[in-house]
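Trainee: Supplied in structure tokens, the structure appears directly below.
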Amino acid sequence: MTLRIAIVGAESTGKTALAQALAARVADLSGLRCTWVGEWLRSWCEREGRTPRPDEQAAIAQHQQGLIEAAAANHELVVCDTTALMTAVYSDLLFDDRSLVAYAIEQQRRCQLTLLTALDIDWVADGLQRDGPQVREPVDHRLRALLIGHRLPWSLVAGRGAARVESAVDALAPLLRSRSGNKTATTATRLHASTR
43 MTLRIAIVGA ESTGKTALAQ ALAARVADLS GLRCTWVGEW LRSWCEREGR TPRPDEQAAI
103 AQHQQGLIEA AAANHELVVC DTTALMTAVY SDLLFDDRSL VAYAIEQQRR CQLTLLTALD
163 IDWVADGLQR DGPQVREPVD HRLRALLIGH RLPWSLVAGR GAARVESAVD ALAPLLRSRS
223 GNKTATTATR LHASTR
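For the sequence shown, the positions run 43 to 238 when the numbering used here is used.
Right, dumping it as structure tokens:
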């Protein structure tokens, strides 16, 4: 079974950088075939030159999940730079539309762990997608409510730079140990040391 690790969080909390770095770090530590899946919304906005309308949200969520499933077909671990859950949260926040929540939760259950990025790094403007630092707390609040309310396995990831990546590795350590099998002693030691 492919491990799916979701990274969700408010805008400008380092999700993309973490997804890339975490996939590489886990591959190095575990020897698993790892990859990461980027955020489809970013590519969509760049292609269209605008943000999506309410009626376009569902297709974006479904396409994101399709990219994740395609990656899972050829890898042992997939780090997802957002999932349909983020689309559902923004649909709720921006359009008062909760119609995507059921689908998003169903897809999120396919992930063995969700990593929520903390609000401990500075907000930075980034093209069309970002609305401003004032939306970060409402998004964070909605994400936590959904993760807790639906009893999804999640962990908060904090810190800057390499410390953020290692925080994510610590959260993943129990899953990674179960997959490391007979890897090197160094890998096994590092994964055991990650359970603080």
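Glycine residues also receive a C-beta, built at the ideal position from the N, C-alpha and C atoms.
These numbers come from a predicted model, not from an experiment.
For the alpha helix (DSSP H) containing residue 83, name the first residue and the last one.
Mentor: As a position in the sequence shown, residue 83 is number 41, starting the count at 1. Run containing residue 83: 82-90, per the alpha helix (DSSP H) assignment.
Trainee: Buried or exposed: residue 49, going by 16 or more other Cβ atoms within 10 Å of its Cβ?
Mentor: Residue mapping note: residue 49 aligns to position 7 of the sequence shown, counting from 1. Label assigned to residue 49: buried.
Trainee: Take residue 44 as the anchor and find which of 185, 135, 61, 112 has the nearest alpha-carbon.
Mentor: Stepping through the sequence shown from its first residue, residue 44 is reached at position 2. When each option's Cα is compared against that of residue 44, the closest is 112.
Trainee: Do you know whose CA, among 156, 183, 166, 149, lies nearest residue 134's CA?
Mentor: Taking the first residue of the sequence shown as 1, we reach residue 134 at position 92. Measuring from the Cα of residue 134, the nearest candidate turns out to be 183.
Trainee: Quick check on residue 124: does DSSP put it in helix, strand or coil?
Mentor: The residue you call residue 124 lines up with position 82 of the sequence shown. In this structure, residue 124 counts as coil in the three-state DSSP scheme.
Trainee: What are the boundary residues of the alpha helix (DSSP H) that includes residue 101?
Mentor: Position 59 of the sequence shown, counted from the start, is the residue given in the question as residue 101. 99-114 is the extent of the alpha helix (DSSP H) around residue 101.
Trainee: Could you give the residue range of the beta strand (DSSP E) that holds residue 193?
Mentor: In the sequence shown, the residue the question calls residue 193 occupies position 151. Careful: residue 193 lies outside any beta strand (DSSP E) and carries neither H nor E.
Trainee: What's the call for residue 166, buried or exposed, on a 16-neighbour Cβ count within 10 Å?
Mentor: Mapped onto the sequence shown, residue 166 falls at position 124. Looking at its Cβ environment, which holds fewer than 16 other Cβ atoms inside 10 Å, residue 166 is exposed.
Trainee: Pick from 220, 93, 114, 160: whose alpha carbon is nearest that of residue 196?
Mentor: Along the sequence shown, read from residue 1 onward, the residue named residue 196 stands at position 154. Of the listed residues, the one whose Cα sits closest to residue 196 is 160.
Trainee: In its own chain, which residues sit with a C-beta less than 6 angstroms from the C-beta of residue 58, not counting the 5 before and 5 after it?
Mentor: Here residue 58 is taken as the residue at index 16 of the sequence shown, counted from 1. Same-chain partners within the cutoff: 123.
Trainee: Look at the Cβ atom of residue 131, then the Cβ atom of residue 78, and state whether they are nearer than 7 angstroms.
Mentor: Your numbering for residue 131 matches position 89 in the sequence shown. Your numbering for residue 78 matches position 36 in the sequence shown. Note that the C-beta distance between residue 131 and residue 78 is not below 7 angstroms.
Trainee: With a threshold of 8 angstroms, are at least 3 pairs of Cβ atoms found where one atom belongs to the segment 150-164 and the other to the segment 204-218?
Mentor: yes
Trainee: Does the Cβ of residue 81 have 16 or more other Cβ atoms within 10 Å, making it buried, or fewer, making it exposed?
Mentor: Position 39 of the sequence shown, counted from the first residue, corresponds to residue 81. Per the 10 Å Cβ criterion, buried.
Trainee: With a threshold of 8 angstroms on Cβ separation, who are the neighbours of residue 76 within its own chain once the five nearest residues in sequence on each side are excluded?
Mentor: Sequence index remark: in the sequence shown, residue 76 carries index 34 (1-based). Excluding sequence neighbours, residue 76 sits near 65, 66, 68, 69, 117, 118, 119, 120, 121.
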